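The working numbering applies: residue 1408 is where the sequence shown begins, and numbers increase by one.
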Amino acid sequence: MRILRTLLAATALVPLAMAKRSHAQDAGQILRDVERNIPRAAPQAPALPDLAPPTTEGEFLKAGETVHVTGFHIIATLIPEAELRDQLTSYVGRDCTLGDLREAAARISRYYAQHDLLARAVLPRQSLEGGVVTIQVLEARMGRVLVDPSSDVRLDADQAADFIFAQNPQGDPLRPSAVATGVSNLGLIPGMQALGVLDAGAEEGTTDVHLKMREPPLLTATALVDNNAPREIGGTRGLAIVTMTDAAGIGDQVAVTGQASQSSKYGQMLVGAPIWHEGLWLEASGAVLQYDVPEDINASTPAGDAQTAALTLRWLALRSSAAPVNLAFGLEHKWTSDKLADVVTASNRLGALTLAAHRLMRDDWQGGGAFTFDVQVKAGNVDLSHNAANQAIDQATARTQGHYVKASASVSRAQALWRGGDMLATLAAQVASKNLNSSEQFSLGGPTGVRAYPLNQGGGDQGAMLNLEVGQQVSTSIRFSAFWDGGWVEQHKETWGGWEGVGSPHNHYFLQGVGASVQWTPAGNVQMKATVAHRIGSDAGRTAQNLDLDGRRRELRAWMQVVLSV
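Below, the structure is given as structure tokens:
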């Protein structure tokens, strides 16, 4: 009898479940849309510092004097003398001036640099007996790491030094790329700016690294009010982010985010810190969501909650490059639960592994610009077994339960155009191995997508979107921009019988719109932005009632936001 009741319940809830997937009014969808619209800082890609050693040498030839060079005696320890002499064969047998000999010494210095060794080849005072020229190579050894007194930072000086010594231990031959990598790794601490300068060490033959650092205040906060929330949960939202940086003096960061709308509450906490001083950053995060859609928005009064937990390891690759790659490996778990008309319709569990890469590449082409690349591959598993009715419905329809893989990528180009003018072009796409849970789907609508459509419009398993925007800074505080947005979406990777009965009858469709924005910054910590967008062409994503998925039909859509930072 219990099995029969379950099957009967499953049969009765099939229309509701199909509607839920089509309209995406569930915890997974709302969680995705909420987190998608939380302001996030891009991973930092710190620039490598310029490092140069101080040097002096003697005078032993007067202007115009020459010496007939018969050979070289090179005093060095890190590279065999015979190997170094091979670099100077073109000078042997010639009459050389002091300038020629200095060029020969510089060639030895460059040879050391090619082997990533910091050294200066000098010409000590000598008699030049028999035409043999002596070159002494001052091979630098790593000395101390000193924090410049002007650096008002909370980061412990020994912790800062450990970032450098992890790459180039004290007393070892000094390798510029290793020191630069250590300085660069300090930039993984959020908001940290670091510059390394080489100077003569306290001990003979050593070179010290002087660090100049700057970090953000201990506490920073951002608060905003806008209408970027889905209409189902109230439309207008208030959001606050409070961040505490380097409170423990180890480069740590704690960030707390809270968001509230008429029918939802969301909170997240993130804790991160560098580990092992090797350019690795470990962070843990957790979030909770609760929503309750009122009857005047949806007669079935959807309600539910979601929780997430994640652990992410970040590190830098290609660190010797001026444009290193930020890599991330993450583990995450999501729990979502939904009700319709006070009946529990879903209790889902999702676990996933994620590998992501981010790279920022700046250039001077046509006045300057930058490319930003992001790639993410996620492999996960959906478990619906905690609600037998929902599991049975899924088996008969979308079949989202089980293993899945999805890949997403985006590339953007910011380009200077003319005085005060610029352009931003962004292309984003997602592909999937099968039908996805709503929390993993691609989405077109909203203030960061096709802005002429509501936030939950244009959801699907696969899709692509292009945003083109041209802006003009008309004054120090006012900026205007015009844009075009367009995107394609595939609702279901794999369709099933009756899928088109609710919501849009088109599995593939295209949305586009044009609009304009104005941004006003009356003070350094206050920003106001207004955006108006108009849809173009037919809307194949509308419901059979010719409505958007938020239950309304608007040709013109406006987005408003006020941000305060302290």
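Note that the Cβ used here is the ideal one computed from N, Cα and C, for glycine as well. None of the values given here were measured: they were computed from a predicted structure.
Item                                                                                                           : Value
Given Leu1963 as reference, the closest of Ala1483, Leu1747 and Gly1922 once Cα atoms are compared             : Gly1922
Local Cβ density within 10 Å of Pro1487, reported as buried at 16 or more and exposed below that               : exposed
In DSSP terms, what His1941 is bridged to                                                                      : Val1921 and Leu1963
Three-state secondary structure assigned by DSSP to Gln1402                                                    : Past the boundaries of the shown model lies residue 1402; the chain is included only from 1408 to 1973, so the question cannot be answered.
Burial state of Ala1713 (16 or more Cβ within 10 Å)                                                            : buried
Chain D within 8 Å of Val1751, Cβ atoms only                                                                   : Reference to chain D is not applicable here, since this structure consists of a single protein chain.
Where the beta strand (DSSP E) containing Ile1885 begins and where it ends                                     : Ile1885 to Glu1897
Neighbourhood of Val1925 by C-beta, 6 Å cutoff - its chain only, sequence neighbours within 5 removed          : Phe1887 and Ala1937
Per-residue burial, Ile1515 [other beta carbons within 10 Å of its own, 16 or more giving buried]              : buried
For Gly1776, the three-state DSSP class (helix, strand or coil)                                                : strand
DSSP bridge partner residues for Phe1736 (one or two, in chain order)                                          : Leu1720 and Leu1762
CB-CB length for Pro1580 against Glu1546, believed under 8 Å                                                   : 6 Å
Ala1511, buried or exposed, once every other Cβ within 10 Å from all chains shown has been counted against 16  : buried
Meets three-Cβ-pair contact criterion under 8 Å: the stretch 1743-1762 and the stretch 1702-1710               : yes
When Ile1445, Asp1563, Leu1834 and Tyr1916 are compared against Asp1868, the one with the closest alpha-carbon : Tyr1916
Cβ neighbour criterion (16 or more within 10 Å) applied to Ser1945                                             : exposed
Which of helix, strand or coil DSSP assigns to Tyr1518                                                         : helix
Identified DSSP bridge partners for Arg1527                                                                    : Leu1545
Cβ neighbour criterion (16 or more within 10 Å) applied to Ser1671                                             : buried
DSSP-derived helix/strand/coil call for Glu1991                                                                : The structure shown does not extend to residue 1991, since the chain is modelled only from 1408 to 1973, so the question has no answer here.
Neighbourhood of Met1935 by C-beta, 6 Å cutoff - its chain only, sequence neighbours within 5 removed          : Trp1927 and Val1969
Proximal residues to Gly1435 (C-beta, below 6 Å), its chain only, five neighbours per side dropped             : Thr1743, Asn1844, Ser1845 and Ser1846
Burial state of Ile1571, where buried means 16 or more other Cβ atoms lie within 10 Å                          : buried
Beta strand (DSSP E) runs contained entirely in the stretch 1467-1492, provided each spans 3 or more residues  : 1478-1482
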